[in-house]
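So the number in this note's numbering is just where the residue sits in the sequence shown, counting from 1, plus 3. This report refers to the structure that appears directly beneath it.
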Amino acid sequence: MVEKTTPILQARNLHLDIRSENGTLPILRDISFDLHPGEALGIVGESGSGKTVACLSLLRLLPSPPALYRSGSVLFRGEDLWQASEKALQKVRGRRVAMIFQEALSALNPVLKAGEQAAEALTLHSGKTRREAQREVLELFARVGIPDPERRFQQYPHQLSGGLQQRVMIAMALACRPEILIADEPTTALDVTIQVQILELLKNLQRESGMSMIFISHDLGVIAEVCQRVLVMYAGQIVESASIEQIFASPQHPYTRLLLQTIPGLDKPRGALSPIPGQIPSPGALPPGCPFHPRCPEAAERCRLDPPPPLSLPSGQEVRCWMRE
Ligand SMILES: Nc1ncnc2c1ncn2[C@@H]1O[C@H](COP(=O)(O)OP(=O)(O)O)[C@@H](O)[C@H]1O
Ligand SMILES: [Mg+2]
């Protein structure tokens, strides 16, 4: 269990719009959560629910415009990153808060050897000499399970397998010993066996180093492997927040319950799974009331009219659903 400590990161009532040809779209709508020291927090939701935008927005990584940071605060060790100067943010990005992405190859520089770009990240952020950085990169490569690090150091990203590319990205993210690692679907593009290895690696690295982690996936089963707590996102909102035990034992939001049924398992191989009927609404065409009501098996009249506020349950779970009042 995660102790109740002072959160390392507190997101409060984040509202973010994106300007597009279709008008100004509300993408994040009142996002609030805490991340505690040493905690692995999952974010789950179907594609398009706002997971990536939520994470990028923490470090104000979406350019403005088109992004409009409307209101809210992101307190990182007490400093509000939504109010911080660009200069102050640069000291946080990649150093104290690092990110890894689904597409390792597109995040890596194609014309730099794997080892060189990792060493460059180190010299840039920590002021180490080239020689020191190279030695440290070889150690990091070994630590993230890259076999024959000396050989891999000299190879270009396209010469590496998807799994090795992701390991290089993880090594680069860890190079500056970040306090928070944000991992956005880091295994989605990988084969199942490699996926299991990378999840195991991330879990071990996070526990050994004591860093906090935000781990995004559309698969609750994957989140359960790595995280202690989870936020369920739908249409730019957090609709449920709970511990992993609670989410499996007593899911509260009807959307969470349907998501649980999409987890592959021994009795349900991937091909046999049916996705949740209907589609996530586009941010330009949100229905009135609860955004989930058109797909919700429990929807009542009130759900079609009024948007539900977040409700704190005695169990500690939070849920946006009129039916749990
Ligand atoms: N640059 C952009 N312009 C317009 N809409 C965007 C832009 N980036 C993201 N969106 C929209 O924001 C919503 C959330 O996207 P995203 O955070 O990528 O979802 P997820 O990561 O959960 O799949 C989607 O509806 C997406 O179309
Ligand atoms: Mg995404």
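Just so it is clear, CB atoms sit at the ideal spot from N, CA and C, and this is done for glycine as well. As the structure is a prediction and not an experimental result, all values here were calculated from the model.
Item	Value
Check whether the Cβ of Lys116 sits closer than 7 Å to any heavy atom of ligand 2, and report yes or no.	no
Any heavy atom of ligand 1 inside 7 Å of the beta-carbon of Ser285?	yes
Is Val195 buried or exposed, if buried means 16 or more other CB atoms sit within 10 Å of its CB?	exposed
Kindly indicate the opening and closing residues of the alpha helix (DSSP H) around Thr259.	257-263
Based on the DSSP secondary-structure assignment, which residues constitute the bridge partners of Gly26?	Ser23
Rounded to whole angstroms, how far is the Cβ of Leu193 from the Cβ of Gly166, which I believe are closer than 8 Å?	6 Å
My assumption, with CB atoms under 8 Å, is that Leu143 sits in contact with Arg155. Please give the rounded CB distance.	Not a contact, Cβ separation roughly 11 Å.
Here's a check: name, in chain order, each residue in its chain whose Cβ is nearer than 8 Å to the Cβ of Lys206, leaving out the five neighbours to either side.	Ala43, Glu228, Val229
Can you say whether Ile103 is buried or exposed, counting buried as having 16 or more other CB atoms within 10 angstroms of its CB?	buried
Report the residue from Thr9, His39, Pro257 whose alpha carbon sits nearest the alpha carbon of Gln209.	His39
Consider the C-beta atom of Thr9 and the heavy atoms of ligand 1; say whether any pair is separated by less than 7 Å.	no
Roughly how many angstroms separate the alpha carbons of Gly97 and Arg73, rounded to a whole number?	24 Å
Which residue from His161, Val171, Thr132 puts its Cα closest to that of Asp151?	Val171
Quick check: what's the CA-CA separation for Ala238 versus Ser285?	8 Å
If we count the other Cβ atoms within 10 Å of its Cβ and call it buried at 16 or more, is Leu308 buried or exposed?	exposed
Note down the Cα distance separating Ala178 from Ser246, rounded to an integer number of angstroms.	30 Å
Closer than 7 Å: is that where the CB of Glu228 sits relative to any heavy atom of ligand 2?	no
Compare the C-beta of Lys94 with all C-beta atoms of chain C and state if any pair is closer than 8 Å.	Of the protein chains in the structure, only one exists, and it is not chain C.
Please classify Phe79: does DSSP put it in a helix, a strand, or coil?	strand
Name the DSSP bridge partner or partners of Ile173?	DSSP lists no partner for Ile173.
Could you pull out every residue in the same chain whose Cβ sits closer than 6 Å to the Cβ of Leu338, ignoring the five residues on either side in sequence?	With the chain running from 4 to 328 in the structure shown, residue 338 is simply not present.
Determine the burial state of Gly118: buried for a count of at least 16 other Cβ atoms within 10 Å of its Cβ, exposed for fewer.	buried
Any heavy atom of ligand 1 closer than 7 Å to the Cβ of Leu62?	no
To which residues of the same chain is Asn112 closer than 7 Å at the C-beta, ignoring the five residues directly before and after it?	Gln120
Under 7 Å, CB to any heavy atom of ligand 2. Which residues pass, going along the chain?	Ser50, Lys54, Thr55, Asp187, Glu188, Ile219
Going by alpha carbons, who is nearest to Leu12 out of Pro310, Glu82, Gln168?	Glu82
Per the DSSP calculation, Asp194 is bridged to which residue(s)?	Asp194 is not bridged to any residue.
Identify which residue in Arg260, Ile173, Asp20 has its Cα closest to the Cα of Val47.	Arg260
Is Ser23 near ligand 1, in the sense that its beta carbon is under 7 Å from a heavy atom of that ligand?	yes
Does the beta-carbon of Ser53 have 16 or more other beta-carbons within 10 angstroms, so that it is buried, or is it exposed?	Checking the sequence shown, residue 53 turns out to be Gly, not Ser. Buried, by the Cβ-count rule.
Which residue's Cα is closest to the Cα of Gln3: Ser23, Ile21, Leu31?	Outside the displayed range of the chain (4 to 328) lies residue 3, so it cannot be described from this structure.
Suppose the cutoff is 8 Å on Cβ atoms and the five residues either side in sequence are ignored; what does the same chain contact list for Arg133 look like?	Ala122, Thr126
Quick check on Leu125: does DSSP put it in helix, strand or coil?	helix
Look at the alpha carbon of Lys90 and the alpha carbon of Lys116, and state the distance between them as a whole number of angstroms.	29 Å
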